[in-house]
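Novice: My structure is below; once you've seen it, I'll send some questions.
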Amino acid sequence: MLNNYLNLQFDVKGKTFKGFCMRIQDDFHVTYAVILEDCHSFCIWLDEKTAKWYSSKFTNLDPSVLDQIIGKIDVKEETQYLVS
């Protein structure tokens, strides 16, 4: 389980975001549940056919915040791939 968990902390436009994300079981996509302090939770997933990341329908965050999260997950996924 610890391999599928990632602490998050980053700044966007002068605001600090803290939280975590963890990979969840999904037979169709690489999917993460994301929980940020002072925000609602949401999911993001990678459509491997298009190599594009998507977020839950009602995710109401600045796109640069999502870019930060996705960037951290991409690095984590690449690291896991190289280790295994």
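Each residue of the sequence shown is one higher than the one before, starting from -4 at the first, in my numbering.
Note that the Cβ used here is the ideal one computed from N, Cα and C, for glycine as well.
Since the structure is predicted, the reported quantities are computational estimates derived from the model, not experimental observations.
(1) Out of Val70, Phe23, Met17, Ile30, point me to the one whose CA is closest to Leu41's CA.
(2) Pull up the distance between the alpha-carbon of His35 and that of Asp62, whole angstroms please.
(3) What did DSSP end up calling Gly66 once you bin it into helix, strand or coil?
(4) Exposed or buried, what is Leu19 when buried is set at 16 or more other beta-carbons lying within 10 Å of its beta-carbon?
(5) Name the DSSP bridge partner or partners of Asn55?
(6) Going by C-alpha distance, which of Asp21, Ala46, Asn(-1), Ile64 is nearest Leu31?
(7) Nearest to Ala46 by alpha carbon, out of Val60, Pro58, Phe53, Asp69?
Specialist: Taking the coordinates as given:
(1) Phe23
(2) 17 Å
(3) helix
(4) Here residue 19 turns out to be Ile, not Leu, going by the sequence shown. Its Cβ having fewer than 16 others within 10 Å, Ile19 is exposed.
(5) None; Asn55 has no bridge partner.
(6) Ile64
(7) Asp69
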